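Chemist: Before I ask anything, here is the structure I am working with.
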Amino acid sequence: MAPPPSVAAAHDCDDPSLRLRRADGGSSGGSSGVHGEARPQEQPQRQHEMPCYRASAPAHRRVKESPLSSDAIFRQSHAGLLNLCIVVLIAVNSRLIIENLMKYGLLIRAGFWFSARSLGDWPLLMCCLTLPIFPLAALMTEKWAQRKLIRDHVSILLHIIITATVLIYPVVVILKCESAVLSGFVLMFIASITWLKLVSFAHTNHDIRVLSQSIEKGATHGSSIDEETIKGPTTNSVVYFMLAPTLCYQPSYPRTAFVRKGWVAQQLIKCIVFTGLMGFIIEQYINPIVQNSKHPLKGNFLDAIERVLKLSVPTLYVWLCMFYCFFHLWLNILAELLRFGDREFYKDWWNARTVEEYWRMWNMPVHKWIVRHIYFPCIRNGLSKGCAILISFLVSAVFHELCIAVPCHIFKLWAFSGIMFQIPLLFLTKYLQDKFKNTMAGNMIFWFFFSIVGQPMCVLLYYHDVMNRQAQTNG
Numbered sequence: 002m003a004p005p006p007s008v009a010a011a012h013d014c015d016d017p018s019l020r021l022r023r024a025d026g027g028s029s030g031g032s033s034g035v036h037g038e039a040r041p042q043e044q045p046q047r048q049h050e051m052p053c054y055r056a057s058a059p060a061h062r063r064v065k066e067s068p069l070s071s072d073a074i075f076r077q078s079h080a081g082l083l084n085l086c087i088v089v090l091i092a093v094n095s096r097l098i099i100e101n102l103m104k105y106g107l108l109i110r111a112g113f114w115f116s117a118r119s120l121g122d123w124p125l126l127m128c129c130l131t132l133p134i135f136p137l138a139a140l141m142t143e144k145w146a147q148r149k150l151i152r153d154h155v156s157i158l159l160h161i162i163i164t165a166t167v168l169i170y171p172v173v174v175i176l177k178c179e180s181a182v183l184s185g186f187v188l189m190f191i192a193s194i195t196w197l198k199l200v201s202f203a204h205t206n207h208d209i210r211v212l213s214q215s216i217e218k219g220a221t222h223g224s225s226i227d228e229e230t231i232k233g234p235t236t237n238s239v240v241y242f243m244l245a246p247t248l249c250y251q252p253s254y255p256r257t258a259f260v261r262k263g264w265v266a267q268q269l270i271k272c273i274v275f276t277g278l279m280g281f282i283i284e285q286y287i288n289p290i291v292q293n294s295k296h297p298l299k300g301n302f303l304d305a306i307e308r309v310l311k312l313s314v315p316t317l318y319v320w321l322c323m324f325y326c327f328f329h330l331w332l333n334i335l336a337e338l339l340r341f342g343d344r345e346f347y348k349d350w351w352n353a354r355t356v357e358e359y360w361r362m363w364n365m366p367v368h369k370w371i372v373r374h375i376y377f378p379c380i381r382n383g384l385s386k387g388c389a390i391l392i393s394f395l396v397s398a399v400f401h402e403l404c405i406a407v408p409c410h411i412f413k414l415w416a417f418s419g420i421m422f423q424i425p426l427l428f429l430t431k432y433l434q435d436k437f438k439n440t441m442a443g444n445m446i447f448w449f450f451f452s453i454v455g456q457p458m459c460v461l462l463y464y465h466d467v468m469n470r471q472a473q474t475n476g
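Position 79 of the sequence shown, counted from 1, bears residue number 80 in the working numbering, the numbering being contiguous throughout.
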């Protein structure tokens with residue numbers, strides 16, 4: 002709707018092209034003087050007779066695009082539309098919450114948080130409590146290598162044994178015990194983090210020893226090396242590294258000046274609230290949907306599509322809450338308590354236009370670890386970029402499979418296949434981005450395959466396989 006004429010005139014009168022211009026002297030019948038200036042006695046009357054906007058003034062003066070056209074849409078502010086989406090999202094989800102409560106009632110169970118079975122998983126608890134032995138063993142190995150009590154190849158062999166044991170030990174304990182899935186997942190998650198940290202610790206200290214030997218021989222070719230970055234490991238540095246929110250070891254880290262205790266308390270409250278929200282969504286929405294579903298690869302195809310689409314929204318909410326709780330709240334809490342300075346735990350992965358951009362931005366600790374200890378070592382050893390990317394995805398797929406399959410006691414490679422399927426999507430979204438510049442087609446493909454199809458399908462596959470295994474065990 003156009004503004005009232007008075008409003009339009011008020012805005013347009015500032016435009017010099019819309020003002021009534023005086024003709025030069027003599028061209029308007031003597032009504033103007035030299036340089037188009039009115040005589041003093043005629044000026045008030047002329048100003049009263051000349052409005053800022055005349056009917057003869059042009060309303061269209063240059064080429065303009067509509068705000069939602071393809072050339073202008075990304076130059077506009079969409080704050081109002083974002084607010085509309087938030088309002089609609091709240092309204093729709095409020096209706097769904099009321100409908101769900103009317104249909105199922107309140108399904109929250111205390112067993113989601115604490116159960117007799119979880120408290121009885123003492124072998125897993127003991128395994129978790131004994132994991133700090135392995136960083137201590139790695140530190141002793143590096144001390145011996147630093148003092149030249151053992152050769153380099155012996156220290157490498159010892160590190161291989163230590164890192165292999167830190168993964169095999171929890172896997173054996175979980176498979177030997179009929180533990181709760183959540184308990185097994187937590188143990189495998191901690192063991193995987195410990196493995197990644199120990200690999201970085203061994204690799205970095207080996208490189209430090211090589212640099213130190215080069216300095217002693219004078220073979221650094223004039224390159225400046227900061228002595229702070231080539232210090233040997235100490236007990237304090239290892240303990241700090243094992244607790245810090247990073248997977249990449251270095252002798253020292255950027256530190257903040259002090260701890261904001263009030264800020265930490267606020268983040269802890271947020272973490273508790275969003276964790277409760279995740280539990281509510283899982284118990285109230287995801288569990289009823291998967292319990293009323295069939296195996297997606299064995300039942301009716303349309304039924305499987307309906308279940309996947311119905312499951313896509315709550316699983317997306319849980320995943321976003323998990324991301325916010327862990328990568329933003331928990332890692333920042335840990336960084337604040339340890340005064341850890343580098344808090345770039347993620348970038349704006351939600352704007353990723355290709356799958357490659359997403360994997361580079363959504364999990365910065367893992368990305369930095371892969372680039373530092375897998376990708377560039379592969380490149381330095383003569384492997385191609387494509388081969389280095391393939392190896393990086395392979396390592397990621399193995400750990401996703403371990404963290405999910407081992408607690409579920411199911412090895413059907415669903416998680417492994419899901420990660421490796423990202424490789425063709427990587428090339429597809431990269432091709433679309435190169436072919437159609439300034440488009441978000443790759444971003445939409447990522448969201449569709451990752452959130453709408455991938456996660457719900459994995460939930461259904463693992464749920465039914467777990468239920469089938471439990472039925473066979475009980476039978």
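Every residue, glycine too, gets a C-beta built ideally from N, C-alpha and C.
These figures come from a predicted structure and were not determined experimentally.
Using the DSSP secondary-structure output, state which residues sit across from R256 in a beta bridge.
Modeler: Sequence index remark: in the sequence shown, residue 256 carries index 255 (1-based). DSSP output for R256 lists F341 as bridge partner(s).
Chemist: Does H61 pass the burial test, meaning 16 or more other C-beta atoms within 10 Å, or should it be called exposed?
Modeler: Against the sequence shown, residue 61 aligns to sequence position 60. The residue is exposed, with fewer than 16 neighbouring Cβ atoms inside 10 Å.
Chemist: With C-beta atoms as the reference, is A245 less than 8 Å away from L199?
Modeler: Stepping through the sequence shown from its first residue, residue 245 is reached at position 244. Stepping through the sequence shown from its first residue, residue 199 is reached at position 198. Taking 8 Å as the Cβ cut-off, A245 and L199 do not qualify as a contacting pair.
Chemist: Pick out whichever of W351, V172, L269 has its Cα sitting closest to the Cα of S193.
Modeler: Sequence index remark: in the sequence shown, residue 193 carries index 192 (1-based). Selected option, being the one with the closest Cα: V172.
Chemist: By Cβ distance, which residues of its chain are closer than 6 Å to N469, with the 5 residues on each side in sequence left out?
Modeler: Your numbering for residue 469 matches position 468 in the sequence shown. Result list for N469: empty, nothing under 6 Å.
Chemist: Using DSSP with H/G/I as helix, E/B as strand and the rest coil, what is Y464?
Modeler: For the purposes of this step, residue 464 is taken as the residue at position 463 of the sequence shown. The answer is helix: DSSP assigns Y464 an H, G or I state.
Chemist: Give the single residue among Y432, F259, S253, Q251 whose Cα lies nearest to the Cα of E337.
Modeler: Stepping through the sequence shown from its first residue, residue 337 is reached at position 336. Considering only alpha carbons, the answer is F259.
Chemist: Looking at the unbroken alpha helix (DSSP H) that takes in Y286, where does it start and where does it end?
Modeler: Looking up residue 286 in the sequence shown gives position 285. Segment: none, Y286 is in no alpha helix (DSSP H) and carries neither H nor E.
Chemist: Since D343 contacts P408 with CB under 8 Å, what's their CB separation in whole angstroms?
Modeler: For the purposes of this step, residue 343 is identified with residue 342 of the sequence shown, where counting begins at 1. For the purposes of this step, residue 408 is identified with residue 407 of the sequence shown, where counting begins at 1. D343 to P408, Cβ: 31 Å. No contact.
Chemist: Within a Cβ cutoff of 7 Å, which residues of the same chain sit near L332, ignoring the five residues on either side of it in sequence?
Modeler: The residue labelled residue 332 in the question sits at position 331 within the sequence shown. So the list reads P246, F346, once near-sequence residues are dropped.
Chemist: For Q423, decide whether its Cβ has a neighbour in chain B, counting only Cβ atoms nearer than 8 Å.
Modeler: The chain labelled as chain B is not found in the depicted structure, where only one protein chain is given.
Chemist: On the CB-based measure, 16 or more other CB atoms within 10 Å of its CB, does V167 come out buried or exposed?
Modeler: Taking the sequence shown and counting its residues from 1, the one referred to as residue 167 is at position 166. Burial call: buried.
Chemist: What are the uninterrupted segments assigned as alpha helix (DSSP H) that are 4 or more residues long and contained completely in the region 364–427, given in chain order?
Modeler: You should have 365–371, 377–381, 386–409, 415–421.
Chemist: For V64, does the three-state DSSP call read helix, strand or coil?
Modeler: What you label residue 64 is simply residue 63 of the sequence shown in a count that begins at 1. Reduced to three states, the DSSP call for V64 is coil.
Chemist: Indicate the three-state DSSP secondary structure (helix, strand or coil) for K348 in the structure shown.
Modeler: Taking the first residue of the sequence shown as 1, we reach residue 348 at position 347. Of the three classes helix, strand and coil, the one that applies to K348 here is coil, per DSSP.
Chemist: Quick check: what's the CA-CA separation for R373 versus L107?
Modeler: Translated into positions along the sequence shown, residue 373 becomes position 372. Translated into positions along the sequence shown, residue 107 becomes position 106. Answer to the nearest angstrom: the Cα atoms are 48 Å apart.
Chemist: Going by C-alpha to C-alpha distance, which of I169, E143, Y170 sits closest to L158?
Modeler: Here the question's residue 158 lines up with position 157 in the sequence shown. Looking at the Cα atoms, E143 is the closest of the given residues.
Chemist: May I ask you to report which of helix, strand or coil DSSP gives R210?
Modeler: The count along the sequence shown starts at 1 and reaches residue 210 at position 209. Note: R210 maps to helix in three-state DSSP.
Chemist: Alpha carbon to alpha carbon, how far is K386 from L427?
Modeler: For the purposes of this step, residue 386 is identified with residue 385 of the sequence shown, where counting begins at 1. For the purposes of this step, residue 427 is identified with residue 426 of the sequence shown, where counting begins at 1. So the two alpha carbons sit approximately 14 Å from each other.
Chemist: Would you tell me roughly how many angstroms separate the C-alpha atoms of L269 and F328, rounded to the nearest one?
Modeler: Sequence index remark: in the sequence shown, residue 269 carries index 268 (1-based). Sequence index remark: in the sequence shown, residue 328 carries index 327 (1-based). Roughly 13 Å between the two C-alpha positions.
Chemist: Less than 8 Å separating the beta-carbons of V467 and I411?
Modeler: In the sequence shown, residue 467 corresponds to position 466, counting from 1. In the sequence shown, residue 411 corresponds to position 410, counting from 1. In contact: V467 and I411 (Cβ atoms closer than 8 Å).
Chemist: Give the secondary structure of R470 by DSSP, where H, G and I count as helix, E and B as strand, and everything else as coil.
Modeler: Stepping through the sequence shown from its first residue, residue 470 is reached at position 469. Here R470 sits in helix by DSSP.
Chemist: Considering only residues of the same chain and omitting the five flanking positions on each side of V319, which have a CB-CB separation below 8 Å?
Modeler: Position 318 of the sequence shown, counted from the first residue, corresponds to residue 319. Closer than 8 Å at the Cβ level, and outside the excluded window around V319, lie M279, I282, I283, I287.
Chemist: In three-state DSSP terms, what is H154?
Modeler: The residue labelled residue 154 in the question sits at position 153 within the sequence shown. Correct three-state label for H154: helix.
Chemist: When you compare each of F202, K311, V309 to H160 by their alpha carbons, which one comes out closest?
Modeler: Your numbering for residue 160 matches position 159 in the sequence shown. Comparing Cα positions, the closest option is F202.
Chemist: Alpha carbon to alpha carbon, what distance is there between A406 and P366?
Modeler: The count along the sequence shown starts at 1 and reaches residue 366 at position 365. The count along the sequence shown starts at 1 and reaches residue 406 at position 405. C-alpha separation (whole angstroms): 23 Å.
Chemist: Considering just the uninterrupted stretch of the alpha helix (DSSP H) at S238, what are its terminal residues?
Modeler: Here residue 238 corresponds to residue number 237 of the sequence shown, with the count starting at 1. Start and end: 236–244.
Chemist: Check for me: the alpha helix (DSSP H) holding Y318 runs from which residue to which?
Modeler: As a position in the sequence shown, residue 318 is number 317, starting the count at 1. Looking at the DSSP string, the run of the alpha helix (DSSP H) that includes Y318 is 302–324.
Chemist: Can you give me the C-alpha to C-alpha distance between A181 and V187, rounded to a whole angstrom?
Modeler: On the sequence shown, position 180 is the one that residue 181 refers to. On the sequence shown, position 186 is the one that residue 187 refers to. C-alpha separation (whole angstroms): 10 Å.
Chemist: For the region 147–154 and the region 96–106, state whether three or more C-beta atom pairs, one from each stretch, are separated by less than 8 Å.
Modeler: Touching, no, given that fewer than three Cβ pairs across the two stretches are closer than 8 Å.
Chemist: Quick one: give me the first and last residue of the alpha helix (DSSP H) that P124 is part of.
Modeler: Translated into the one-based positions of the sequence shown, residue 124 becomes position 123. Note, P124: alpha helix (DSSP H), 123–131.
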